[in-house]
Structure formats: C-alpha cells, structure tokens
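Participant: First to last, the sequence lines map onto chains A and B. Under full-length UniProt numbering, the first residue of the first sequence carries the number 1, and numbering increases by one thereafter. Under full-length UniProt numbering, the first residue of the second sequence carries the number 1, and numbering increases by one thereafter. The structure under discussion is supplied below as structure tokens; questions concerning it will follow.
2 protein chains.
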Amino acid sequence: GRAMAAWARTVRGLLLDVNGVLYDSGGDGGVPIAGSVEAVRRIKASGLKLQFCTNETQATREKFVKKLQGMGFDMSVAEVTAPAPAACRILKERGLRPHLLVHDDLIPEFADIDKANPNCVVIGDAAENFTYANLNEAFRVLIGMEKPVLLSLGTGRYYKETDGLKLDVGAYMKALEYACDVQAEVVGKPSKKFFESALAEMGVPPQQAIMIGDDIVNDVGGAQRCGMRALQVRTGKYRSVHTSH
Amino acid sequence: GRAMAAWARTVRGLLLDVNGVLYDSGGDGGVPIAGSVEAVRRIKASGLKLQFCTNETQATREKFVKKLQGMGFDMSVAEVTAPAPAACRILKERGLRPHLLVHDDLIPEFADIDKANPNCVVIGDAAENFTYANLNEAFRVLIGMEKPVLLSLGTGRYYKETDGLKLDVGAYMKALEYACDVQAEVVGKPSKKFFESALAEMGVPPQQAIMIGDDIVNDVGGAQRCGMRALQVRTGKYRSVHTSH
C-alpha cells in the first residue's frame, strides 16, 4: 500500500545477520544460502548502507570475513559488528581481566587484554571447548568472586550447522547464571547498545534502518526495542525446527 | 527452652542428606566427614526412624550403598530414597520412553525401561558424560518433539568433590530449558512428592520429621514446603563457598 511505499522510501540502511541468513555454518566452513551472495551485491548497488550485525564468536572478524569473501560475499572487516571487539572495549573501560570460555579461534581478539588474576568470566560460543572440565573451571572462577561478573557474547539458544542444530552460548550462559546466582551482562544481539554501535558504524538512525535476521529474539526483538523495523527470514534455524514437526 | 524440648520430643524420624553431610564425594570414591559414621550409629541406637534422602545420580542405589557401607556407614538399600527409582515409576506410569543423559553408572537403574524411539529426555548428574556432543544430542531429541518433556533428577547448582566444586545437574537442566523453552519436571529434592515418598518409607508424618542437609534450597526449602522442619549443616559445599571469600 501507499504507507508501505512511503516507509520504504525512508529506509537508508540495512543491518544484516550473517549465520542462517547469508550462510549456514558448519565444520566444513559452511555453505552460502541460495541467492544471498547476489542479494548482498544488489543491496550495495542500490546505494543502501549496509552493516553486517552478527553474534559470531567462533572466529576473529578477520577470519570470519575472509571465509565469507571466499564464498563470494562482498564484505569487509569494517562492515562487520561483532561481540568480541565490543567486549574488549568494555573490559578496558572497566579494568576487567577475563577468564575466557570461548572458541580457540576467537582468542586472538583478546590479545591486548590483561588476563592475569581474572576478575570476570567472558563466555562465547566455545563449541568443542564447552567441555565438562572447562565449564567447571569457569564456574569455579565465578563462584570464587565476591561479586561474580559474567559477560556473555550473545544469548542465542541454538543455531544450525550443516550437520544439525547446536546449543548456542545462551544455554551455557544460563547454566553459569543459575549455578552462581548471577545475571550475565550481554554483549551482542539483542543488547540495545550493540545495535546502536552497528547503526553508528553506518551513520543511519534507527527509524531509517531495517534489521534482517532469522532469530525472533536476538534479531527481531532486539532491533525493535532499539526503534528499528525488523524482518525475520525463514532460512537457517527457522527452517530446521519448523520442518521437523 | 521448654518449647524447644517439647518439640524435640515429638520428633520421630530423620531424613538425612548424604553428599556433603555424611561424606564428600570424589573421583577416588570420596571420604566420610568426621564424626558422621558415629552419628548415624547413634541416631539408629536412639530409636529414631531414619531414611537417607539423596539426589545422588552418579550410581545405582546398590552401588552407592555399598560404597557408604565400605566407609563404615550402617545403611541399607531400602533406607535410601533416590531420584532414579522415582523417575522409573513416573516413566512407567506415563508411558514415557527416555533418552538418557546420565552417568554411566546410573544406567542399570533404567534396565527395565523401554528406551526405543524416545518421547522424553531424562537428565541426571552425568558428570564426565556432560560433553558438548551429548548435550547437543539431548537438545536435538527435545527440540524435535511436538511438546518437549524433560525430567531432571534434581535441581542442584553445584556440589563439592574432593578436588573442588562441580556444576550439578540443575545447571545443565537450565541450559536445556532455555534452549527448548520448556520447564523441566523435577524428580528428587526439592520436589514435594519426593520428600513425601521418603516420609512414607519411614512411616512418619512431616510434622514429626526433620530433614538435615547442606543445601538451603534442595534440602531446607524443599522440606519446609512439605511441612517438615529442616536443619542446614555447614559441611559440604557450604564450607567450600563461604570460606573462599
């Protein structure tokens, strides 16, 4: 209708989720979702501003971007807003020294951060590093603090890889929250601050931006609370769960 | 005072927690807490009824009792109320076929239970079996159900072993609850039904029984909601956490 068309004309920027929207991740590196390489190309050609807004924490931004470039995506490191660099800013601002429970490939993001005598725990999507021993260790660091501080790189429940659904960082965050009776501080979607920093990178106000993702809570809910419109695409985990019933 | 003495005369039965009260568990089998072997002997000699009320799910009752007898405790299988046998009754009553995420040594408790084509997940303190792969597998079974059914053998946050604190089943229960957006049904302390079955074994009504444990939620809170008095002892995890600050 006319209202829709008027609204569409006000859109100046897109925030795009990556995992489950542009590609399905997996042990083999993952595979692009049909049409998505071309979609990114068209968005850029249209003159719309574009920022990739991801909770990816299984690799540094550099490595992540390289992988997606290898699949054909037109993407640069500066166009990616991701939790680990945001967490590093917070750690420095507040003098926090993290115990890291993260994926091996994310550790280089924290190279400049003092990690001696930890006074907080940072949890990301550690995948294979979510071992019984590592979870107990992170728990003991937290429970040993006078006032436990837990930073969680996202709150995802699960995601789809090429070999099936996997528990995401949010599930393990809940385990530590419960065990230590603390509430994690979320760095990444759906945190308002995280969306705001992605919008700032594009230089577009929330009313003129749309978030496109496959997660109703992290992508759609988070963006809406920020004053943005949001669209849920039915790829990624959406399809896996809804077609299994 | 006089009121206290009058109350003490009405006490006819004790429910005793085991882990952290009678002994500290551990990879080496664990060690009795000083004075506890003698305490059990005295309670029995006094004529008080006694039932051991435990959330232990790392072994069958038979194996568990054998271990404690080996430490010198006067204890029989019939005197132990534990989650796995209670869960088996529920599974049979409701025609539930479990996918088990439990300790290897607990599996014999479920020998008579049909486990083909699972329509629920049972989670216990799986310890080393809490691997990334096993958690993902239990998650996939749950998320694939029209209406996920999760039975949790207890809700403990953590417990003390001889080599330190360990995350308990409750933490992993929370992870699955969050990932699947379900609420677990608890079999074990602090469930009212569980305390009631322990009292029924002793043949003592709640007003005439005391629960003694080291966990403020599972032992003390659960027993009080059942109409019993409860005492928290300061051994086990109580000491570990409160002396580390």
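For glycine and all other residues, C-beta sits at the position ideal for the given N, C-alpha and C.
Any beta-carbon of chain A closer than 8 angstroms to the one on Leu-167 of chain B?
Facilitator: Leu-167 of chain B counts as touching chain A.
Participant: Assign Met-228 of chain B to one of three DSSP states: helix, strand, or coil.
Facilitator: Note: Met-228 of chain B maps to coil in three-state DSSP.
Participant: Can you tell me whether Phe-108 of chain A is buried or exposed? The criterion is at least 16 other CB atoms within 10 Å of its CB, across all chains shown.
Facilitator: First, the amino acid is wrong: residue 108 of chain A is Pro here, not Phe. That one is exposed.
Participant: Determine the closest residue to Gly-95 of chain B out of B:Asn-117, B:Ala-82, B:Asp-104 and B:Tyr-178, with distance taken between C-alpha atoms.
Facilitator: Selected option, being the one with the closest Cα: B:Asn-117.
Participant: Take Gln-208 of chain B and list the residues in its own chain whose beta-carbon comes closer than 7 angstroms to its own, dropping the five residues that flank it on each side.
Facilitator: Only Thr-10, Val-11, Arg-12 and Gly-13 meet the Cβ criterion.
Participant: I think Leu-167 of chain B touches Ala-171 of chain A, with their Cβ atoms under 8 angstroms apart; what is that distance to the nearest whole Å?
Facilitator: Not really, about 13 angstroms apart at Cβ, beyond 8 angstroms.
Participant: For a quick check, are the C-beta atoms of Leu-91 of chain B and Ile-123 of chain B less than 8 angstroms apart?
Facilitator: Not closer than 8 angstroms, so no.
Participant: Which ranges would you report for the alpha helix (DSSP H) in the stretch 117 to 163 of chain A if only whole runs of at least 4 residues count?
Facilitator: Listed in chain order, they are 132 to 143.
Participant: Evaluate the contact criterion for the stretch 31 to 47 of chain B versus the stretch 174 to 193 of chain B: three or more CB pairs, one atom per stretch, below 8 angstroms.
Facilitator: No: fewer than three Cβ pairs fall under 8 angstroms.
Participant: Considering only the alpha carbon of each residue, which of B:Asp-125, B:Gln-51, B:Glu-185 and B:Val-182 lies closest to Ile-210 of chain B?
Facilitator: Considering only alpha carbons, the answer is B:Gln-51.
Participant: For Thr-131 of chain B, return the contacting residues in chain A, with the cut-off set at a CB-CB distance below 8 angstroms.
Facilitator: By Cβ distance, chain A contributes Thr-131 and Tyr-132.
Participant: Could you check which residue in A:Val-77, A:Ser-152, A:Tyr-132 and A:Val-182 has the C-alpha nearest to that of Glu-146 of chain A?
Facilitator: The candidate whose alpha carbon is nearest that of Glu-146 of chain A is A:Val-182.
Participant: For Arg-234 of chain B, would you say it is in contact with chain A, using Cβ-to-Cβ distances shorter than 8 angstroms as the test?
Facilitator: No, its Cβ sits nowhere closer than 8 angstroms to a Cβ of chain A.
Participant: Looking only at its own chain, which residues have a Cβ that is under 6 angstroms from the Cβ of Leu-16 of chain B, when we skip the five neighbours before and after it?
Facilitator: The answer, listed in chain order, is Phe-52 and Ile-212.
Participant: Since Tyr-178 of chain A meets chain B, which of its residues come closer than 7 angstroms, beta carbon to beta carbon?
Facilitator: Within chain B, the residues near Tyr-178 of chain A are Arg-157, Gly-170, Ala-171 and Lys-174.
Participant: Using a Cβ-Cβ cut-off of 8 angstroms, state whether Ala-184 of chain A counts as contacting chain B.
Facilitator: Output row for Ala-184 of chain A: interface = no.
Participant: Can you find a C-beta in chain B that's less than 8 angstroms from the C-beta of Ile-143 of chain A?
Facilitator: Chain B, which has a Cβ nearer than 8 angstroms to the Cβ of Ile-143 of chain A, makes this yes.
Participant: Considering just the uninterrupted stretch of the alpha helix (DSSP H) at Gly-170 of chain B, what are its terminal residues?
Facilitator: Counting along the chain, the alpha helix (DSSP H) containing Gly-170 of chain B begins and ends at 169 to 180.
Participant: Taking all protein chains shown into account, decide if Pro-83 of chain B is buried (16 or more other Cβ within 10 angstroms of its Cβ) or exposed.
Facilitator: Buried, since its Cβ has 16 or more Cβ neighbours within 10 Å.
Participant: Could you check how far apart the C-beta atoms of Leu-106 of chain B and Thr-60 of chain B are, in whole angstroms? I think they sit under 8 angstroms.
Facilitator: That pair is a contact at about 7 angstroms.
Participant: Can Glu-196 of chain B and Cys-226 of chain B be called in contact, C-beta distance under 8 angstroms?
Facilitator: It is a contact, given that the beta carbons lie within the stated cut-off.
Participant: With Ile-210 of chain A as the anchor, note down where its beta strand (DSSP E) starts and where it stops.
Facilitator: Looking at the DSSP string, the run of the beta strand (DSSP E) that includes Ile-210 of chain A is 209 to 213.
Participant: Taking the alpha carbon of Arg-97 of chain A as the reference point, which residue from A:Ala-86, A:His-103 and A:Phe-110 has its own alpha carbon closest?
Facilitator: Of the listed residues, the one whose Cα sits closest to Arg-97 of chain A is A:Phe-110.
Participant: Would a check of beta-carbon distances place Gly-20 of chain B closer than 8 angstroms to chain A?
Facilitator: So no, Gly-20 of chain B is outside the interface.
Participant: Which residue comes first and which comes last in the beta strand (DSSP E) that contains Gln-51 of chain A?
Facilitator: That run of the beta strand (DSSP E) goes 49 to 53.
Participant: Can you pull the chain A neighbours of Arg-229 of chain B, defined as C-beta to C-beta under 7 angstroms?
Facilitator: Here the premise fails: no neighbours, minimum Cβ distance about 25 angstroms.
Participant: Quick one: which chain B residues come within Cβ less than 7 angstroms of Glu-128 of chain A?
Facilitator: Within 7 angstroms Cβ-Cβ: Tyr-132.
Participant: Could you tell me if Arg-140 of chain B is buried or exposed, where buried requires 16 or more neighbouring beta carbons within 10 angstroms of its beta carbon?
Facilitator: Buried.
Participant: Between Thr-235 of chain A and Gly-30 of chain A, which are expected to be in contact by the criterion C-beta below 8 angstroms, what is the C-beta distance as a whole number of angstroms?
Facilitator: That belief does not hold up - the Cβ atoms of Thr-235 of chain A and Gly-30 of chain A are roughly 13 angstroms apart, past 8 angstroms.
Participant: List, in order along the chain, the chain B residues whose C-beta lies closer than 8 angstroms to that of Leu-100 of chain A?
Facilitator: Residues of chain B passing the Cβ test: none, with the nearest at roughly 17 angstroms.
Participant: Over the uninterrupted alpha helix (DSSP H) stretch that includes Pro-83 of chain B, give me the two end residues.
Facilitator: Unbroken alpha helix (DSSP H) run through Pro-83 of chain B: 83 to 94.
Participant: Around the C-beta of Ser-76 of chain A, are 16 or more other C-beta atoms found within 10 angstroms, so that it is buried, or is it exposed?
Facilitator: Exposed, since its Cβ has fewer than 16 Cβ neighbours within 10 Å.
Participant: Looking only at DSSP bridge pairs, what is Asp-24 of chain B linked to?
Facilitator: Its beta-bridge partners are B:Val-31.
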